[in-house]
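Protein chains in written order, with this note's numbering: chain Z, 656 to 828; chain F, 5 to 555.
Note that the Cβ used here is the ideal one computed from N, Cα and C, for glycine as well.
Predicted model only: the values in this text are computed from it and were never measured.
In what follows, a single structure is set out as structure tokens and then discussed.
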């Protein structure tokens with residue numbers, strides 16, 4: 656079955672590692688819908704969250720191929736039922752005259768905040784599920800989007816467990 | 005003890021038990037070569053004519069020795085000339101350490117003279133690679149590289165060492181900790197389902213690949229075969245895993261495999277696949293391949309299980325360990341009915357002997373002229389398939405052939421490395437005019453090293469394998485496969501300082517080979533064969549046993 660899935664990858668925090676991970680996706684003909692990367696609580700490691708679209712075959716291969724990379728310390732396929740995820744977006748909207756009020760209302764409705772503005776535009780920050788961000792974009796589209804920038808999903812397993820202590824999760828398990 | 009980077013490299017190579025390396029000097033490896041000069045009594049360096057020859061030689065050496073081969077090249081073109089050889093080692097899971105020089109760290113990223121990002125270039129074709137930016141990390145990196153290359157599923161590791169790192173100093177303690185993760189975590193060995201499947205099977209078939217050779221599991225495979233009355237089919241990489249003379253060894257299956265092997269595989273209700281990756285050349289149509297049959301796949305690499313064929317039962321682990329456990333838990337089951345059927349398949353393969361100057365007879369003659377432990381290298385194409393079909397390999401690690409990448413030009417380098425690894429005993433290269441043309445410059449190396457290399461050149465004046473496909477699938481439009489080169493190969497060999505002969509009959513060939521045995525230096529034997537000799541049987545791509553072309 657084809658669908659979106661998310662993997663969390665803990666990697667050594669040194670140069671070139673992101674290239675190895677994304678290169679593996681390219682070489683194996685897997686797509687990347689979004690990718691977010693940053694240092695973890697332990698500066699020796701970075702965490703990469705990758706969202707892809709694919710079937711069960713691809714899900715299993717992604718995990719197993721990633722696990723073979725020397726710089727990859729841990730790979731977990733996140734179960735959507737048991738994980739929390741969030742994405743950030745900066746969006747610059749045309750805001751002239753009466754439209755301004757509508758835009759402020761929309762940002763408010765989505766719990767966003769205004770990061771920058773002048774007489775003819777507003778830049779807002781929206782945080783939430785990827786779905787929520789998609790829906791904001793759709794709502795804002797008629798108002799005139801000047802540009803937008805999404806962070807890509809970041810996600811974690813629910814509960815107290817640290818990713819390093821989680822057993823490898825195969826799609827069928 | 006403070007040592008320079010170049011000294012650390014040499015010390016660590018010696019520490020890893022390396023006594024032979026292959027390579028080619030250049031501007032950014034001068035310091036390394038200076039240390040090699042001073043350490044010539046500890047490490048023998050084999051200078052090739054081209055870096056590609058060096059990397060194939062290191063590959064051939066590794067296959068024969070069962071330990072990492074080492075190759076050194078300079079930055080830029082030296083490094084890029086290694087690329088094909090690294091990819092070749094990667095696809096055939098050969099342990100290889102490639103060391104490249106690079107420009108000093110201060111010049112990196114500035115498109116300096118002979119600078120390339122070889123770490124970036126080789127990333128998809130190595131098990132791992134490194135650029136060492138600080139001499140303090142060099143010792144640890146080298147130690148890790150050898151472990152990575154030679155454990156789990158083996159493969160190539162490249163280490164790029166900028167010139168500034170070669171000249172800087174650091175402590176060499178031979179006591180640093182390395183951090184290489186183990187592949188143990190993925191290992192699953194639930195034997196119960198496998199044992200049940202074996203108990204239920206009436207026509208078991210064992211399919212062996214290169215992983216059986218890597219794991220040294222030949223004995224276990226034969227024991228399993230005897231216990232279950234199961235015939236054995238081989239992938240190309242698995243060819244020398246089982247002695248030819250073992251009566252249930254049916255040889256290679258797949259596109260150019262033997263009839264009995266492919267037929268038994270298609271008839272089987274259980275395939276026990278060990279150390280194979282179910283390449284498209286081996287399986288053809290994968291849904292036909294596994295129809296009505298249970299597959300048990302044993303491999304050390306978890307990602308191989310389910311990659312090309314979805315087995316009902318996957319056992320991830322060292323093949324020798326898995327089979328040993330399995331063997332202790334399965335009873336002996338004689339199965340005469342199945343053995344009789346296999347015998348019938350074999351009978352269908354029988355051919356009338358003749359004394360024509362054909363690839364089959366040429367290879368047969370070479371086979372009977374050389375000792376059982378002779379290393380035989382091939383290039384890629386028709387002659388490679390003929391060698392695999394007709395040469396009777398009795399020992400593992402004696403066939404050097406480019407399996408996964410299909411690298412024309414592999415043979416000369418591989419034969420040089422293999423000959424050196426096998427104590428410089430007489431070594432055979434079976435090649436063709438097309439493949440030999442790609443790296444024949446390594447004749448110079450075989451001459452300078454005085455290697456007793458017998459090059460059997462099957463000369464048909466065409467790129468035979470491609471021509472065969474053009475005959476069958478492109479209505480005989482022989483686009484760019486007719487060579488018209490007029491090369492005088494015996495004369496060419498003599499120009500290099502080797503001996504050169506032409507054979508036109510089996511009697512000629514027998515005389516030449518007889519005279520050549522126990523003589524120093526390489527020789528080439530030009531064997532003119534018929535332009536339309538084909539590799540048969542042939543299962544067209546994506547086909548199955550039903551589509552097999554026998555004549």
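Look at residue i and residue j and say whether their C-beta atoms are less than 8 Å apart.
i: residue 386 of chain F; j: residue 469 of chain F; result: yes
i: residue 228 of chain F; j: residue 333 of chain F; result: no
i: residue 724 of chain Z; j: residue 676 of chain Z; result: yes
i: residue 809 of chain Z; j: residue 704 of chain Z; result: yes
i: residue 481 of chain F; j: residue 488 of chain F; result: no
i: residue 742 of chain Z; j: residue 693 of chain Z; result: no
i: residue 664 of chain Z; j: residue 730 of chain Z; result: yes
i: residue 280 of chain F; j: residue 213 of chain F; result: yes
i: residue 337 of chain F; j: residue 233 of chain F; result: yes
i: residue 657 of chain Z; j: residue 738 of chain Z; result: no
i: residue 719 of chain Z; j: residue 219 of chain F; result: no
i: residue 16 of chain F; j: residue 147 of chain F; result: yes
Bridge partners for residue i per DSSP, in chain order?
i: residue 6 of chain F; result: F:175
i: residue 211 of chain F; result: F:237 and F:277
i: residue 729 of chain Z; result: Z:665
i: residue 659 of chain Z; result: Z:708
i: residue 26 of chain F; result: F:50 and F:75
i: residue 461 of chain F; result: F:435 and F:530
i: residue 132 of chain F; result: F:161
i: residue 317 of chain F; result: F:300
i: residue 105 of chain F; result: F:165
i: residue 771 of chain Z; result: Z:778
i: residue 744 of chain Z; result: Z:781 and Z:805
Please report whether the beta-carbon of residue i lies at a distance below 8 Å from any beta-carbon of chain F.
i: residue 675 of chain Z; result: yes
i: residue 720 of chain Z; result: yes
i: residue 725 of chain Z; result: yes
i: residue 694 of chain Z; result: no
i: residue 682 of chain Z; result: yes
i: residue 826 of chain Z; result: Caution applies to residue 826 of chain Z, whose pLDDT of 40 falls short of 50 and renders its modelled position unreliable; the value that the coordinates give is listed next. Residue 826 of chain Z does not count as touching chain F.
i: residue 766 of chain Z; result: no
i: residue 709 of chain Z; result: no
i: residue 662 of chain Z; result: no
i: residue 760 of chain Z; result: no
i: residue 716 of chain Z; result: yes
Would you kindly report the start and end of the unbroken alpha helix (DSSP H) that includes residue i?
i: residue 365 of chain F; result: 363 to 373
i: residue 787 of chain Z; result: 785 to 795
i: residue 65 of chain F; result: 55 to 69
i: residue 506 of chain F; result: Per DSSP, residue 506 of chain F belongs to no alpha helix (DSSP H); it is in the beta strand (DSSP E), 503 to 507.
i: residue 95 of chain F; result: 87 to 95
Below 8 Å on the Cβ atoms is my guess for residue i versus residue j; work out the distance and round it to an integer in Å.
i: residue 89 of chain F; j: residue 30 of chain F; result: The Cβ separation is near 16 Å, so there is no contact.
i: residue 210 of chain F; j: residue 304 of chain F; result: 17 Å between Cβ atoms; not a contact.
i: residue 800 of chain Z; j: residue 745 of chain Z; result: About 11 Å separates the two Cβ atoms, so there is no contact after all.
i: residue 236 of chain F; j: residue 243 of chain F; result: That belief does not hold up - the Cβ atoms of residue 236 of chain F and residue 243 of chain F are roughly 11 Å apart, past 8 Å.
i: residue 9 of chain F; j: residue 151 of chain F; result: Between residue 151 of chain F and residue 9 of chain F the Cβ distance is about 20 Å, and since that is not below 8 Å, they are no contact.
i: residue 99 of chain F; j: residue 153 of chain F; result: 4 Å
i: residue 79 of chain F; j: residue 119 of chain F; result: 6 Å
i: residue 380 of chain F; j: residue 403 of chain F; result: 6 Å
i: residue 401 of chain F; j: residue 68 of chain F; result: 5 Å
i: residue 419 of chain F; j: residue 431 of chain F; result: 6 Å
i: residue 198 of chain F; j: residue 417 of chain F; result: Wrong, their Cβ atoms sit about 40 Å apart, outside the cutoff.
i: residue 208 of chain F; j: residue 274 of chain F; result: 4 Å
Tell me whether residue i counts as near the ligand NAP, meaning its Cβ is closer than 7 Å to at least one heavy atom of that ligand.
i: residue 286 of chain F; result: The ligand NAP is absent from the structure shown, which contains no ligands of any kind.
Can you find a C-beta in chain Z that's less than 8 Å from the C-beta of residue i?
i: residue 335 of chain F; result: no
i: residue 526 of chain F; result: no
i: residue 219 of chain F; result: no
i: residue 315 of chain F; result: no
i: residue 144 of chain F; result: no
i: residue 311 of chain F; result: yes
i: residue 306 of chain F; result: yes
i: residue 128 of chain F; result: yes
i: residue 260 of chain F; result: no
i: residue 301 of chain F; result: no
i: residue 152 of chain F; result: yes
Just curious, the beta strand (DSSP E) that residue i is in, first and last residue?
i: residue 200 of chain F; result: Segment 195 to 204 is the alpha helix (DSSP H) holding residue 200 of chain F; no beta strand (DSSP E) there.
i: residue 122 of chain F; result: Segment 122 to 126 is the alpha helix (DSSP H) holding residue 122 of chain F; no beta strand (DSSP E) there.
i: residue 805 of chain Z; result: 800 to 805
i: residue 117 of chain F; result: Careful: residue 117 of chain F lies outside any beta strand (DSSP E) and carries neither H nor E.
i: residue 634 of chain Z; result: Residue 634 of chain Z cannot be examined here, being either before or after the span of chain Z that is shown, 656 to 828.
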